[in-house]
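These notes are about the structure you will find just below.
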Amino acid sequence: MRELDFDAALERIRGLVWRTPLIPVSAPNADRVGHSVPAARQSDAWLKLESLQRTGSFKIRGAANRLLGLTPAERARGVVAVSSGNHGRAVAEVARILGIRATICVPDWADPSKLRSIRAAGARLIRAGPSYDEADERAAGLAVAEGLTRVHPFDDADVIEGQGTVGLELAEQLPGLGEVIVPLSGGGLVAGIGLALKPRGVRVVAVSAQRASVMLKSLEAGRPLRIPDEETIASALS
């Protein structure tokens with residue numbers, strides 16, 4: 001993988017993403033902190049509200065960084081992505097803004113509200129079957145058949161670089177940051193944050209949903225695994 005430049009990525013995507021606020025965990029009704037936290041902090045734990053990000057998740061950071069790096073020829077042909085919802089929503093929105101044709105392949109169980117957002121952004125939506133793997137295979141096939149550029153949700157240097165801008169913002173908003181706890185699914189977010197914060201000596205902890213722990217099990221096995229989809233309320237991590 002090429003050397004990642006998170007500062008350059010943050011500057012590149014600035015016009016397409018929002019700087020999200022922090023709130024202290026111990027005071028859920030406190031005013032949101034948008035830029036920096038006073039040195040004398042009332043809480044040792046803070047939430048970074050990427051749920052308030054454009055399209056509702058951090059995924060737009062990676063999608064924007066990837067699509068902004070396309071060549072004119074790649075833009076003209078269009079892009080394809082596989083998603084359980086949030087990544088597809090982000091790719092569709094960035095593609096709409098940049099005037100790029102987007103195709104999003106999803107499993108049948110994808111959240112209906114996210115599917116509506118994908119359609120509203122003008123993307124072609126394909127329900128590919130009961131499993132995520134089937135949707136992934138459909139996206140790969142369309143990339144070959146139609147000459148589309150794949151925008152992978154996590155296994156892509158540009159996407160990881162974009163997601164890592166969350167870490168840069170955290171470091172700016174919380175001087176003296178010691179540890180970050182990151183949700184883990186495919187690993188793009190935690191890889192980006194981990195690489196962005198490594199020079200600062202920040203400890204990064206990844207947490208998987210119990211019923212969506214393929215990355216954890218793969219690391220334990222020492223090789224990539226495929227496990228059956230399980231129903232979970234944390235569908236964005238499955």
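Counting from 1, position 120 in the sequence shown corresponds to residue 120 in the working numbering; the numbering is continuous, with no gaps.
Built from N, CA and C at the ideal position, the CB exists for glycine as well.
All values reported here derive from a predicted model rather than from experimental measurement.
| Query | Result |
| --- | --- |
| Cβ-Cβ distance between ALA63 and VAL151 below 8 Å | yes |
| Nearest neighbour of ARG101, chosen from PRO112, LYS114 and LEU125 [CA to CA] | LEU125 |
| Test item: CB-CB of VAL106 and ILE60 under 8 Å | no |
| Counterpart residues of GLU179 in DSSP-defined beta bridges | ARG203 |
| Supposed contact pair ASP136 and VAL82 - C-beta distance, whole angstroms, cut 8 Å | 4 Å |
| Buried versus exposed call for VAL25 [16 or more other C-beta atoms within 10 Å across all chains shown] | exposed |
| Other residues of its chain near ARG2: CB distance less than 6 Å, five sequence neighbours each side excluded | ALA157 |
| Buried/exposed call for LYS198, threshold 16 Cβ in 10 Å | exposed |
| Among LEU67, ILE23 and ASN86, nearest to PRO112 - alpha-carbon criterion | ASN86 |
| Beta-carbon contacts of GLY187 that lie in its chain and below 6 Å, excluding the five residues immediately before and after | PHE154 and MET215 |
| Own chain residues within Cβ distance below 7 Å of PHE58, not counting five before or after | GLU50, GLN163, VAL166 and LEU189 |
| Unbroken stretches of the alpha helix (DSSP H), 4 residues or longer, contained in the segment 100–153 | 112–120 and 132–146 |
| Given LYS48 as reference, the closest of GLY141, ALA171 and ARG77 once Cα atoms are compared | ALA171 |
| Straight-line Cα distance separating ILE13 from LEU68 | 8 Å |
| Start-end ranges of the beta strand (DSSP E) lying completely within the segment 57–92, minimum 3 residues | 79–82 |
| Delimiting residues of the beta strand (DSSP E) encompassing LYS48 | 46–48 |
| In DSSP terms, what PRO24 is bridged to | TRP46 |
| Identified DSSP bridge partners for LEU184 | SER208 |
| Rounded separation between ALA73 and GLY201 - CA only | 41 Å |
| Backbone CA spacing between ALA206 and GLU179 [nearest angstrom] | 11 Å |
| GLU11, enclosing alpha helix (DSSP H) - first and last residue | 6–13 |
| Buried or exposed by the 16-neighbour rule on C-beta atoms within 10 Å, applied to ARG226 | exposed |
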